[in-house]
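Engineer: Could you have a look at this structure, given as structure tokens, before my questions?
Residue numbers (this note's numbering): 93 to 306.
See below:
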């Protein structure tokens with residue numbers, strides 16, 4: 093079976109998390125290139141793979157040598173980089189949230205359809221064994237019809253306020269947007285769309301991050 097050649101675009105913390113999982117399926121994929129504006133950081137990620145992929149500073153340089161890309165960049169860059177990759181005929185797995193606005197998301201979807209490429213957003217919670225079991229229970233109506241679903245979560249994280257993850261412009265919103273999108277996705281996936289809801293307000297529970305917390 094021909095391996096899928098993958099290029100990793102962005103070599104921050106999430107790239108390292110993805111690398112650990114990718115190394116478990118190397119019989120199906122080959123990481124051929126990693127990209128970051130910081131070449132030292134790119135080299136650190138490249139060293140995590142046994143074949144030592146080439147490193148680049150400019151992601152456009154790798155597009156002729158890969159079949160698919162993993163986009164793990166600050167959120168405000170998801171849209172332009174994903175669009176470019178799709179238009180070059182590459183499949184794309186982009187980290188969540190998909191983009192910073194609805195318009196950007198729709199443009200990404202449109203580009204994937206026009207180019208007949210796969211575009212997937214990294215909502216990994218859908219694949220957790222407990223979540224899959226819960227979905228099975230709901231689908232089979234073991235406890236009857238569901239009329240309400242409540243999700244509570246907390247990130248035990250403290251970031252440097254100067255980090256891009258704390259800036260609303262780059263992130264697209266606050267904690268609710270950046271981390272909470274996982275749980276919005278789960279509720280839509282489990283209960284179906286459209287889903288009615290009531291917004292009761294927000295709480296800025298992460299003082300190191302701009303905008304809303306919950």
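Positions of the beta carbon are idealized from the N, C-alpha and C atoms, including for glycine.
The structure displayed is predicted, hence computed values, not measured ones.
1) Would you check if the distance between the CB atom of residue 163 and the CB atom of residue 102 is smaller than 8 Å?
2) Please report how far the alpha carbon of residue 188 lies from the alpha carbon of residue 113, in whole angstroms.
3) Taking only three categories from DSSP, how would you classify residue 160?
4) Candidates 145, 190, 220 and 151: which alpha carbon is nearest residue 176's?
5) Can you give me the C-alpha to C-alpha distance between residue 94 and residue 237, rounded to a whole angstrom?
6) What residue range is occupied by the uninterrupted beta strand (DSSP E) comprising residue 307?
7) By the 10 Å Cβ neighbour count, where 16 or more other Cβ atoms means buried, how is residue 198 classified, buried or exposed?
8) Helix or strand or just coil, what does DSSP make of residue 148?
9) Classify residue 213: buried if its beta carbon has 16 or more other beta carbons within 10 angstroms, exposed otherwise.
10) For residue 122, report the span of its beta strand (DSSP E) as first-last.
11) Less than 8 Å between the CB atoms is what I'm expecting for residue 141 and residue 129, so what's the real figure, rounded?
12) Could you tell me how far apart the beta carbons of residue 283 and residue 241 are, in whole angstroms, since I believe they sit closer than 8 Å?
13) Quick one: residues in its chain with C-beta nearer than 8 Å to the C-beta of residue 235, no 5 flanking neighbours on either side, listed in chain order?
14) Mapping DSSP to helix, strand and coil, what is residue 220?
15) How long is the line joining the alpha carbons of residue 157 and residue 244, rounded to whole angstroms?
Structural biologist: Taking the structure as given:
1) Yes, they are a contact pair.
2) 17 Å
3) strand
4) Considering only 145, 190, 220 and 151, the residue with the shortest C-alpha distance to residue 176 is 151.
5) 45 Å
6) Only positions 93 to 306 of the chain appear in this structure, which leaves residue 307 out of reach.
7) The residue in question, residue 198, is exposed, as its Cβ has fewer than 16 Cβ neighbours within 10 Å.
8) Residue state for residue 148 is assigned as strand, using DSSP reduced to three classes.
9) buried
10) 121-127
11) Taking the Cβ atoms as the reference, residue 141 lies roughly 20 Å from residue 129, outside the contact range of under 8 Å.
12) 6 Å
13) 229
14) coil
15) 43 Å
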